[in-house]
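Heads up: the structure comes next, in structure tokens.
Numbering (this note's numbering), first residue to last: 7 to 228.
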């Protein structure tokens, strides 16, 4: 599958490399075709790896992956011709974190809206799916770094798009049984609002390599 990964930070590079290792054709997108990080990544990663502008990566892709920082995601996506996205699957990994008042950040979009929904409004024909934003980059691409079972969440309006994303998650090592479909893209509100708790846990635990697991009752109902 051809993937266009937007963003050259740790998350973008980690996911691009993870899916490249799984056999996908990956273009890493940035603001410029001469972006040093993206050029170096493509040069070091082999024949199925390439780099280009954000628009190049969208055009290349069957699935677009938004790994840009949440505070710039909408401006990045608005900078690409909407028609280029068509009805492609867009996996949104970003979080609407606002660091203007220091650390810990607040959420710039919260409660009755989400960045995932804002991206869906920005790209009305695309099939936006929210996932992967609740774990750190190393866990995204290697869930076995953590002992035992632990969970991811997906949200989106299109069932087929969510199946495509779940398949891409499986390519990174995620068990489909541990990927919970929370419903429409409005469920991105809850997924994103987990981040303030995640950040507090990171401080308490002393690191970012952790995740949560949903434990069900085994007692008979009623």
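Yeah, the Cβ is synthetic: ideal placement off N, Cα and C, and Gly gets one too. All of these numbers come straight from a predicted model, not from anything done at the bench.
| Item | Value |
| --- | --- |
| Residue(s) in a DSSP beta bridge with residue 145 | Per DSSP, none; premise fails for residue 145. |
| Residue 146 to residue 112 span [Cα, whole Å] | 23 Å |
| Integer-rounded CB distance, given that residue 132 should sit under 8 Å from residue 93 | 6 Å |
| Residue-level contact to chain C via CB, residue 212, 8 Å cutoff | Checking the listed chains, one finds no chain C in this structure; it contains a single protein chain. |
| Identity of the residue in 216, 226, 217, 209 nearest residue 109 by Cα | 209 |
| Between the CA atoms of residue 89 and residue 120 - distance to the nearest angstrom | 23 Å |
| Whole-number beta carbon distance between residue 76 and residue 60, since they are thought to touch under 8 Å | Rounded, the Cβ-Cβ distance is 16 Å, inconsistent with contact. |
| Contacting residues, own chain, Cβ-Cβ under 8 Å from residue 6 (five flanking each side not counted) | Shown here, the chain extends from 7 to 228; a query on residue 6 therefore has no answer. |
| Nearest to residue 97 (by Cα), restricted to the options 48, 105, 79, 62 | 79 |
| Where residue 153 falls: helix, strand or coil (DSSP) | coil |
| Alpha helix (DSSP H) runs contained entirely in the region 194 to 219, provided each spans 4 or more residues | 194 to 199, 201 to 211 |
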